[in-house]
Amino acid sequence: MHSMRILRADTGREVAVSELAGSITQMEVWSLAARLRMVARPITLSFAGRTAFSRLRFASGLEIELPPHTQLLTVDGWVPVDSLEIESRVAVPRWIPEPTHAAEMADAEVILLAHMIGDGSCVKGQPIRYASIDEENLTAVTDAATHFGVTAIRDEYAAARVTTLRLPAPYRLARGRRNPIAAWLDELGLFGLRSYEKFVPEPVFTLPTDQVALFLRHLWATDGSIRWDERGRQAKIYYASTSLRLIRDVVQLLLRLEIHGRIKRARKPGYRDCWHLTIDGSENQQTFLEDVSAHGARGVAGEAVLLELRKMTANPNVDTVPKEVWSRVRSLLAHFAVGHREFQAAMGSRYCGSTMWKYSPSRARLAQAATILQAPDLTLLARSDIFWDRIVEISSAGEQDIYDTRVEGTHNFVAHGVLVHDSTEPAAMVRW
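Okay, here's the thing in structure tokens:
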């Protein structure tokens, strides 16, 4: 699995399997345990040759390349990739816990980093600059720069309706001396990058969750958008970037707060592709606005949007459990000799024959069914750490290196945001 990147539990960052296999120290990864909760477990890897791979793309925008025999988790158990189809729904983490070895940064560094990734410029041979039309953002960057001993200098550009901050070194630059902000960004691998090359540096993934929220709040203040669509009576929340790597990094960070993002490509003739990370679904949007939102003017807009969302009745259509779970419910009804009409009445539904079984239930609705049927396994499923994504495309990814993986006890790990079974033989069927 040459291109596969696995999520470490100790640092919170993704690493290539080749890096894990070459490590002399044992590392921990996030894994789904028997009670469907994310736990940290040790992993071992070894090179196992080469084989053909398949590329799977999901409705969320996630992509992963896997050998056909690798197993992914469905509501009916672990299934090989070559047995999955378009529209198959597979398990991905609905949240990622805080790293087991979380490490804080100074808040000023978290704030400045977010703004420099979004609206900063740090090209070699040019002054370090930050541009914004939001006075609160300008103040945040000015204050954060003092952490490095830097005093920001304002340049007003009335014609462009934007203010630029120059962030000069607090001392005369000579051979061997650099602007402290430039040196810091260089250490993080960000110095000299164009907008389409930017990414979230590794230390951010190791932050405690409250600082992840702080980082996202200030990042969203740059190229994020939060508004209420009055005509559609819905919130529109997204972050835009020409860097797909940055977008994917932000998706991973959002999972720390149990927020799900979807990646969409926005094409415009004559321009570089832009990527939108959208926050969809009213409950998901409320979580974002309550726990993250944005600094400055976008945050003010977010408060108004949150008020509108709280007036609405949630109607989950994405965060559902695959409809195949109803077969388990029907088996229990037969076992307890409960009629379908009686069950639907207990669920508070008007009798609709077999129509009920054609739609995927929300987690809350499945939990209700579990209570009625006294089925603790269904309760576990309804309250699990699983989000069910949907396959939208399957294609060939050519021949690649493959690694033998072993995860102690749980036998699965998270790669590219997807739960993947390790190289051991899984149980033929998981029954909820």
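The sequence shown begins at 1 in the UniProt record's numbering and counts up by one. Heads up, the beta-carbon is just placed ideally off N, CA and C, and yes, glycines get one too. Remember, it's a predicted structure, so these values are computed and weren't measured experimentally.
| Asked | Found |
| --- | --- |
| Short check: CB of Ala369 to CB of Leu378, under 9 Å? | yes |
| Could you tell me the distance, in whole angstroms, from the CA atom of Pro208 to the CA atom of Val338? | 48 Å |
| Any contact of the segment 90-108 with the segment 194-213, i.e. 3+ C-beta pairs under 8 Å? | yes |
| With a threshold of 16 other CB atoms inside 10 Å of the CB of Leu32, please say whether the residue is buried or exposed. | buried |
| In terms of residues, what are the limits of the beta strand (DSSP E) holding Leu32? | 27-32 |
| Can you tell me where the alpha helix (DSSP H) with Pro203 in it begins and where it stops? | 202-205 |
| So for Asn137, helix, strand or coil by DSSP? | helix |
| Measuring CA to CA, which of Glu324, Gly409, Arg166, Ile402 is closest to Val17? | Ile402 |
| In terms of residue numbering, what span does the beta strand (DSSP E) encompassing His421 cover? | 418-421 |
| Between which two residues does the alpha helix (DSSP H) carrying Asn284 extend? | 282-291 |
| Need the endpoints of the beta strand (DSSP E) that Trp275 sits in, please. | 274-279 |
| Kindly indicate the opening and closing residues of the alpha helix (DSSP H) around Arg383. | From DSSP, Arg383 is part of no alpha helix (DSSP H); its letter is neither H nor E. |
| Would you kindly report the start and end of the unbroken beta strand (DSSP E) that includes residue 438? | Since the displayed the chain opens at 1 and closes at 432, residue 438 lies outside it and no answer follows. |
| Could you say which of Gln71, Thr287, Phe191 lies nearest to Arg310 if we only look at CA atoms? | Thr287 |
| DSSP on Asp389, reduced to helix/strand/coil? | strand |
| So, at 7 Å on beta carbons, what are the nonlocal neighbours of Val141 in its own chain, with the 5 sequence-adjacent residues on each side left out? | Leu112, His115, Tyr130, Ala152, Leu165 |
| In whole angstroms, what is the alpha-carbon distance linking His416 and Tyr171? | 44 Å |
| Quick one: Cα of Thr139 to Cα of Glu283, how far? | 32 Å |
| By Cβ distance, which residues of its chain are closer than 6 Å to Met1, with the 5 residues on each side in sequence left out? | With a pLDDT of 42 at Met1, under the threshold of 50, the modelled position of this residue cannot be trusted, and the question is left open. |
| By DSSP's criteria, Lys236 is part of a beta bridge. Which residues make up the other side? | Arg227 |
| So is Gly281 buried or exposed if we call it buried at 16+ other beta carbons inside 10 Å? | buried |
| Relative to the C-alpha of Ile247, which candidate in Gly149, Arg262, Gly299 has its C-alpha closest? | Arg262 |
| Could you tell me the alpha carbon to alpha carbon distance between Val92 and Asp143, rounded to whole angstroms? | 39 Å |
| At the level of alpha carbons, what is the spacing between Leu185 and Gln211? | 18 Å |
| Please return the same chain residues whose Cβ sits closer than 6 Å to the Cβ of Met429, not counting the five positions on each side in sequence. | The predicted model places Met429 with a pLDDT of 39, which falls under 50 and marks its position as unreliable, so this point remains unresolved. |
| Would you kindly check if the distance between the Cβ of His411 and the Cβ of Thr70 is under 9 Å? | no |
| How far does the alpha helix (DSSP H) with Gln344 in it reach, from first residue to last? | 340-346 |
| Ile64 and Val418: beta carbons closer than 9 Å? | yes |
| Which whole-angstrom value describes the C-beta separation of Ala48 and Ala9, a residue pair presumed to lie in contact below a C-beta threshold of 8 Å? | Their Cβ separation, rounded to whole angstroms, is 23 Å, which puts Ala48 and Ala9 out of contact at 8 Å. |
| Let me know the secondary structure DSSP gives Tyr359 once reduced to three states. | coil |
| Beta-carbon separation of Gln75 and Leu381 under 9 Å? | According to the sequence provided, residue 75 is Val. The question's Gln does not apply to it. Yes, Cβ-Cβ distance for Val75 and Leu381 is below 9 Å. |
| What number of angstroms, rounded off, separates the C-alpha of Leu289 from the C-alpha of Leu306? | 6 Å |
| Measuring CB to CB, does Trp220 end up less than 9 Å from Ala294? | yes |
| Could you tell me if the beta carbon of Leu185 falls within a distance shorter than 8 Å of some heavy atom in the ligand NAD? | You won't find the ligand NAD in this model; it holds no ligand whatsoever. |
| Taking all protein chains shown into account, decide if Gly348 is buried (16 or more other Cβ within 10 angstroms of its Cβ) or exposed. | exposed |
| Can you give the Cα-Cα distance for Glu156 and Ile133, rounded to whole angstroms? | 10 Å |
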